[in-house]
Amino acid sequence: MATAKTPAVEWIAAGLRALASGGPDAVRVERLAAELGVTKGGFYWHFADRRDFLDKLLDAWETTVVEEVISHIETHGGAARERLSGLFEVAVLLADVDGGLRAEPAIRDWARRDPAVAERLRRIDGRRMDFMRSLFLQFCPEPLDAEARCLQAYSLLIGSYFLRPDHGDLAHTQVLERAFEHLLR
Numbered sequence: 080m081a082t083a084k085t086p087a088v089e090w091i092a093a094g095l096r097a098l099a100s101g102g103p104d105a106v107r108v109e110r111l112a113a114e115l116g117v118t119k120g121g122f123y124w125h126f127a128d129r130r131d132f133l134d135k136l137l138d139a140w141e142t143t144v145v146e147e148v149i150s151h152i153e154t155h156g157g158a159a160r161e162r163l164s165g166l167f168e169v170a171v172l173l174a175d176v177d178g179g180l181r182a183e184p185a186i187r188d189w190a191r192r193d194p195a196v197a198e199r200l201r202r203i204d205g206r207r208m209d210f211m212r213s214l215f216l217q218f219c220p221e222p223l224d225a226e227a228r229c230l231q232a233y234s235l236l237i238g239s240y241f242l243r244p245d246h247g248d249l250a251h252t253q254v255l256e257r258a259f260e261h262l263l264r
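Counting the sequence shown from 1 gives a position; the working numbering is that position plus 79.
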């Protein structure tokens, strides 16, 4: 039996780039094959159809931006504030990574039109919030304070994908990092 020449991870990476730049409608087998310089036949070696590919694309994205991030933060340990600081640093770094957070605005827009994607995104949001909440609760004596900080941090993260104001001589990442620092006080 012949083996696939273009690994599934390359198709996924190309799919995430297409998703980030043009939403789910831009994720087309023919376009991805052209980008990869291969025929579309290799696609079907790995994926049953476009829907299967989109599901696996979301699986890969979720693994990268949720499970791998949480695992990285937990592996490095430290006090809750240190772990939150590390989480915020990783979030800033992932903001411009194709397979990372760069695709998030397109996925959020997609979720507005696709109930299955919306449900998945609710679960992802819940997982991320649960993780941050568990850390904030370690140094916030009041659950309401922990929940408010968690909501502010998550809103700051998600909002930063959509807002790119002019900060004068300051870099956007510099302002974002300072905003996260305020939540750790």
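Glycine included, each C-beta is placed from N, C-alpha and C at the ideal position. All figures in this text were calculated on a predicted structure; none of them were measured in a lab.
Counted as a single uninterrupted DSSP element, the alpha helix (DSSP H) harbouring histidine 151 occupies residues 147 to 155. In the structure shown, the three-state DSSP call for glutamate 221 is coil. Shown here, arginine 130 sits in a helix according to DSSP, grouped into three states.
For arginine 243, the three-state secondary structure derived from DSSP is coil. Of the candidates Arg96, Gly121, Asp104, Gly94, Gly121 places its Cα closest to the Cα of proline 86. For arginine 264, the closest of Ala127, Leu163, Gly101 by C-alpha to C-alpha distance is Leu163. Using a Cβ distance threshold of 8 Å, valine 169 and valine 148 count as a contacting pair.
Per DSSP, reduced to three states, the secondary structure at glycine 94 is helical. Judged by DSSP in its simplified three-state form, lysine 119 adopts helix. For the pair leucine 166 and isoleucine 186, the CB atoms are not nearer than the 8 Å cut-off.
In this structure, the straight-line span from the alpha carbon of arginine 107 to that of threonine 252 is close to 33 Å.
About 6 Å separates the Cβ atoms of leucine 255 and serine 239, confirming a contact at the 8 Å cut-off.
By the neighbour-count criterion, in which 16 or more other beta carbons inside 10 Å mark a residue as buried, arginine 207 falls on the buried side.
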